[in-house]
Amino acid sequence: MSSRTTEPEITAPVDLCLPDGRLDPEAVGWTRRPLHRANLRGWGRTKRWEYWGVVTPAHVIGIVASSIDYAGVHGIYVLDRATGAEVSKDAVMPLARGTVMPDRSGEGTARARGGSLAIDIRQSPGGTALRAVAPGVEVDLEMPLPDGHESLGVVVPWGPRLFQYTVKDVGRPVRGRLVLDSAEHLVREEDSFAVLDHGRGRWPYRMVWNWAAGSAPGRAIQLGGKWTEGTGMTENALFVDGRLHKIGEELAWHYDRDDWLRPWRITGDRVEAEFTPFHERVARTELGVVGSETHQCFGHFSGRAQADDGAWIELDGLTGWAEEACQRW
């Protein structure tokens, strides 16, 4: 079954950059599995990160390890879905000291250190093992990689020297444990899922993006907006039984910035999604000329999206998040 998008599909390994650090035009496109090597050069505009989001019946977990050149920005976040209580442990390290970011998704070990926070993300062909520790919280997870599992890789080109490579791997199996103040909570593969956001690129100083991801057994959705406009690429896809259906159009995002918990609508020719939040997470970072503000809402999806064969797939029962992030970096 062929894709219905006109965006180029990349099927062989490729370097993200030319030897002088500019974007390789042959790298622009999308993939069903990680094929890009992020051979980034230059300092100041380069951003690298690994973000894992995990949803269980009892908790939402977010782990981020990142280098934005002049700082390493790392964090562990846990939401108790029953009480709404949040645990947030963050660290900012000047010049990203103690931060290691491999140049390929799914290979090598990403590490982040800051104060009493430590994150290790060990990647292998069989999957990923994640360990994150900070005072009062400990996360030990395995995200196995099933045979034939597909993820969305996209290179978004703003120009020859500003571009982003992202892998959005939605609906990954996950198992392990979460420890909060010495109370252990099991993460079980049958009722939990994980989402990876792998990012490598060189960014403009200011950027706004939308991101939504939701999963349920056998189905998942990945939607993005704003930051890809005018580039000829999008990060939209539907996943059915681990198979990717690339959606090439820019989508319309409707949400209330005065009341983030009102339902969101994300629509296009192949997407008719509604997202109903149950919790809003607000994250702000101010480091002088550098700053970010993210409103990440957790909730449930409804509506439908269209597969490559024209069939409409129901989104009811998918759980995940939708967010707006504003960056100065």
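Just so you know, the numbering used here puts 1243 at position 138 of the sequence shown, and the rest follows in order with no gaps. For each residue, glycine too, the CB sits at the ideal point set by N, CA and C.
DSSP three-state call for Ala1176: helix, strand or coil? strand
For Arg1153, count neighbouring Cβ atoms within 10 angstroms of its own Cβ and tell me buried if that reaches 16, exposed if not. buried
Does the contact criterion of 3 or more C-beta pairs under 8 Å hold for the segment 1139 to 1151 versus the segment 1118 to 1126? yes
Taking 7 Å as the threshold (C-beta atoms), are Pro1139 and Ser1210 in contact? yes
Please return the same chain residues whose Cβ sits closer than 6 Å to the Cβ of Gly1167, not counting the five positions on each side in sequence. Gly1158 and Tyr1182
Are three or more beta carbon pairs between the segment 1256 to 1271 and the segment 1223 to 1236 nearer than 8 Å? no
Could you tell me how far apart the beta carbons of Lys1351 and Glu1112 are, in whole angstroms, since I believe they sit closer than 8 Å? That belief holds up - the Cβ atoms of Lys1351 and Glu1112 are roughly 7 Å apart, short of 8 Å.
According to DSSP, is Glu1191 part of a helix, a strand, or is it coil? strand
DSSP three-state call for Glu1419: helix, strand or coil? strand
For Gly1353, which residues in the same chain have their Cβ closer than 7 Å to its Cβ, ignoring the five residues on either side in sequence? Thr1110, Thr1111, Glu1112 and Thr1339
Who are the near neighbours of Ala1475 in its chain, counting only those whose CB is closer than 6 Å to its CB and skipping five residues on each side? The question about residue 1475 has no answer, for the chain in this structure spans 1106 to 1434.
For His1303 and Gly1177, what's the separation of their Cα atoms in angstroms? C-alpha separation (whole angstroms): 15 Å.
Leaving aside the five residues before and after Trp1369 along the sequence, list all residues of the same chain whose C-beta is less than 6 Å from its C-beta, in chain order. Tyr1360, Phe1380 and Ala1427
What does the alpha-carbon distance come out to for the pair Ala1217 and Gly1373? 38 Å
Given Leu1356 as reference, the closest of Asp1364, Leu1349 and Asn1341 once Cα atoms are compared: The option with the nearest alpha carbon to Leu1356 is Asn1341.
Which class does Ala1143 belong to by DSSP, given the choice of helix, strand or coil? coil
Val1345 and Lys1331: beta carbons closer than 7 Å? no
Inter-residue CB distance, Arg1433 and Arg1311 (contact presumed, cutoff 8 Å): 6 Å
Hey, how far is the Cα of Gly1281 from the Cα of Cys1431? Roughly 32 Å between the two C-alpha positions.
In whole angstroms, what is the alpha-carbon distance linking Gly1213 and Ala1378? 36 Å
Alpha-carbon to alpha-carbon, Ser1397 and Met1198: 16 Å
Separation of Val1165 from Val1192, as counted between CA atoms: 10 Å
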